[in-house]
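Participant:
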Amino acid sequence: MLLINIAGVALIALIVWWFWLYKAREVALDDDDLVIVVENGTYTPARIRLAANQAAELHFLRKDASPCSEMLLLPELEISESLPMNKSKSIKLPPMAEGEYDFHCQMQMYRGVLKVE
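Here is the structure:
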């Protein structure tokens, strides 16, 4: 009985960490070689650092067949794009002020952040 309770608490802790506390490592967008891979329910990398007040271009490669992974939304920038399977898709971003801009699928299960500095 004690073992079951310990396993339950550990599982709850893991869920809290994964959904609310985990922060993916941040990657700088220094050149056009960075490809954001959409696979296994995640964007990799999911935290991207960009220069403020400069236009940028993101490249996405969707490997996940889930219908949720098909749409990419950047609500603050009013961008909504369909990502084709196994093909690179470039998304042009306008110059942005400093701050954080979320990007996600239509159900917000796949999530990422653009950190503009």
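First residue of the sequence shown: 1015, per my numbering; consecutive thereafter. Even glycine gets a Cβ: it sits at the ideal position worked out from N, Cα and C. Being a predicted model, the structure only gives us computed values, none of them experimental.
(1) Can you say whether Leu-1072 is buried or exposed, counting buried as having 16 or more other CB atoms within 10 angstroms of its CB?
(2) Hey, quick one: how far does the beta strand (DSSP E) through Ala-1027 stretch, first residue to last?
(3) What's the gap between the Cα of Val-1127 and the Cα of Pro-1089?
(4) Between Ile-1062 and Leu-1043, which are expected to be in contact by the criterion C-beta below 8 Å, what is the C-beta distance as a whole number of angstroms?
(5) For Pro-1109, count neighbouring C-beta atoms within 10 Å of its own C-beta (all shown protein chains included) and say buried if the count is 16 or more, exposed if not.
(6) Is it right to say Val-1052 is buried, meaning 16 or more other beta carbons lie within 10 angstroms of its own, or is it exposed?
Facilitator: To lay it out plainly:
(1) Burial call: buried.
(2) No beta strand (DSSP E) contains Ala-1027, which is instead part of the alpha helix (DSSP H) from 1016-1030.
(3) 12 Å
(4) 5 Å
(5) exposed
(6) buried
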